[in-house]
Structures are given as structure tokens and as C-alpha cells.
Amino acid sequence: MKTSKMLTTALDYLLMTVGSIIFCMAWTSFLIPNGLASGGLTGLCSIIQYGTGIPVGWTYPTLNVILLILGFLSLGKGFGFKTIYVIALTSLLFEFLPKIPGLEVVMEEKFLVALVGASLESVGIGLVLLRGGSTGGTDIIAMMINKYWPVSPGKVYLYTDIFIISCLLFVPDKGLVDLIYAFVVMLGFSFGVDFVLLGNKSSVQILVFSSKYQEIADHIITNVHRGVTALESVGWYSQKESKVLLIVARKYQMNEVVNEIKSIDKKAFISVSTAMSVFGEGFEEVKTGLKVKKNKSSEEE
Numbered sequence: 015m016k017t018s019k020m021l022t023t024a025l026d027y028l029l030m031t032v033g034s035i036i037f038c039m040a041w042t043s044f045l046i047p048n049g050l051a052s053g054g055l056t057g058l059c060s061i062i063q064y065g066t067g068i069p070v071g072w073t074y075p076t077l078n079v080i081l082l083i084l085g086f087l088s089l090g091k092g093f094g095f096k097t098i099y100v101i102a103l104t105s106l107l108f109e110f111l112p113k114i115p116g117l118e119v120v121m122e123e124k125f126l127v128a129l130v131g132a133s134l135e136s137v138g139i140g141l142v143l144l145r146g147g148s149t150g151g152t153d154i155i156a157m158m159i160n161k162y163w164p165v166s167p168g169k170v171y172l173y174t175d176i177f178i179i180s181c182l183l184f185v186p187d188k189g190l191v192d193l194i195y196a197f198v199v200m201l202g203f204s205f206g207v208d209f210v211l212l213g214n215k216s217s218v219q220i221l222v223f224s225s226k227y228q229e230i231a232d233h234i235i236t237n238v239h240r241g242v243t244a245l246e247s248v249g250w251y252s253q254k255e256s257k258v259l260l261i262v263a264r265k266y267q268m269n270e271v272v273n274e275i276k277s278i279d280k281k282a283f284i285s286v287s288t289a290m291s292v293f294g295e296g297f298e299e300v301k302t303g304l305k306v307k308k309n310k311s312s313e314e315e
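In this note's numbering, each residue's number is its place in the sequence shown (first place is 1) plus 14.
Pasting the structure below:
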């Protein structure tokens, strides 16, 4: 067990390191050399660099240290070592990556740069978040605000990103076009992170209306290995009682489930909707933030 835990921990830090490198290269190789910005603390640091000449490698660790101190004072020991590790590593990378020759990519097509930068940034941050790390920045601000005021973290991220990007208008030689590109990077990053974090975990809810519901249910359970729930229904036009099948599956299984249903009843009416979160056996565990205490009797056994 100890060996398995050590290997898991080593994998966590390896992937967080790779993610941190990709995240920093998105900025130092693409966005900053082409004068683009975005939201978040890194976006603010890049805007400071454009306006004052102070490099991101200096402002990024300084602001993160200030936020960490405020976070400790406000929230207590709420920050894990992984977050501190990622902040320290990315601070070093922002300082040394720009000094490596050949890593900067300057392109005339700013829109393409924005998409590439957002894609790399989302992959990097996604890897970090998947292994339980964080880059700090606006995450800490959101936690502090949420502790004292009933404001959701999502709104905090949105408002801070809009404020940070709007600061571009006060930077010499920056204007509305730069503002638009910054929002492109922000939106691309948001969609990219969702894809990296959810990926195959995205789920769908399928409702099946068919007179052959019993045959379909047995087939889905036996061959597709998905659970099926039969709901009582009444066709209001025909006034006939029947059953509607409810199937929850991963998004990548949707075509398989639909094809299997159609193979039994070509006239089956099928409704598919996206399920934002699915918790339970075979899907995700509910994250309550509470530690489950084991009974002494079970421990003794």
C-alpha cells in the first residue's frame, strides 16, 4: 500500500510539473511575445509588463506570495503543499523560460496565437487541477470572498477577469483590438479547461419511449452494461399506460446506447440531454469536503 501511494504521489507531482511547464510556455512562448493578455493573475502580470516593463517572472511570485499570506490569515491552513509547489515552480519557470533561446514564437496572425496560447494554457492548468494542484492567484481571492460574502466563485472569476482585461485600455499602445483578443484567450481557456477536466466524464441522460421497453431495458443492462430505470407513464393522446426508460451514460457511450435501442425498435422516440454532474456508483463521488470517520469496530476488524 505504501509503495502504491508513493507511486501515485510521484505521478501527481510529475503531471503537475509537466502541466506547469505547458502553462508557462503558453505565456512565455506565445502570448507575451505577441503582446496578448488574458484574465487571471498571469494576465494581470502580463499587463503590468506591457505597461511598466517589469517582467512577469518578478510580479507573478510577488503577487502570489501576498495572496498566500492573505489567504493564510483569512482561511487558516487551507492551502495544500501541492498548490505551494505549483506556485513556486511556475514562478521559477516564468523567470527562466524567457532566457532560453528559440522558445519565443512571434506570429502576425494574432487570432491563431490566441487560440494556441489558450489551448496550451488550458491543457497545462487542466493537468495541474486533475492532480489536486492549483496556480493560486484568483483562486485564493475567490475563496476569501466566498468566506465572508455569499458570492459564488464563478462570479468572482468572471468579475476579476473582466476587470483585469479592461486594464489593457490604460496601457499605452493597447486598444480595443487587444481587449478582444484577451477575451478570446479567456473564453478559449475556459472551454479548454472544461474539456480537459471533464473529457470522458461528461454524461448524458437518455429517455426512451417505446412499446418494446422491456426488451430494450434487458438488452441495455446485459450488453451495454448500463443501469436502466423504468418510469410509469401515460400517453395522454392514447390514454395508454406504459413505461419510459431512463438511462444515464457517459457521453462517449451515447451513440452505442442509441444504436442498440434502434436495433430493437426503429420507431423508438429518444430524448438525449446533457447531465452537468452525475454522482453515484459508476460515476463520480459526491465531494462534500467532509472526512468520513471510520467506526472503531470496523477498524478493529
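Glycine included, C-beta positions come from ideal geometry on N, C-alpha and C.
- Between Gly85 and Met158, the gap from beta carbon to beta carbon is short of 8 Å.
- Annotation: Gln219 to Ile235 spans about 15 Å, alpha carbon to alpha carbon.
- Secondary structure of Thr149 (DSSP, three-state): coil.
- Val222 is the residue among Val100, Met39, Lys257, Val222 whose C-alpha sits nearest the C-alpha of Asn273.
- The C-beta of Thr149 has 16 or more other C-beta atoms within 10 Å across all chains shown, which makes the residue buried.
- According to the DSSP assignment, Leu221 belongs to the beta strand (DSSP E) that extends over 217 to 223.
- In this structure, the straight-line span from the alpha carbon of Thr76 to that of Asp153 is close to 16 Å.
- The shortest C-alpha to C-alpha distance from Ile61 to any of Leu111, Ser217, Leu183 is the one to Leu183.
- Proximity of the region 112 to 129 to the region 190 to 206 meets the contact definition, three or more beta-carbon pairs being nearer than 8 Å.
- For Gly140, the enclosing alpha helix (DSSP H) has its first and last residue at 124 to 144.
- The Cβ-Cβ distance between Tyr74 and Phe108 falls below 8 Å.
- Cα atoms of Asp187 and Phe205: separation of roughly 29 Å, rounded to the nearest angstrom.
- Gly138 and Ala282 have their C-alpha atoms roughly 43 Å apart.
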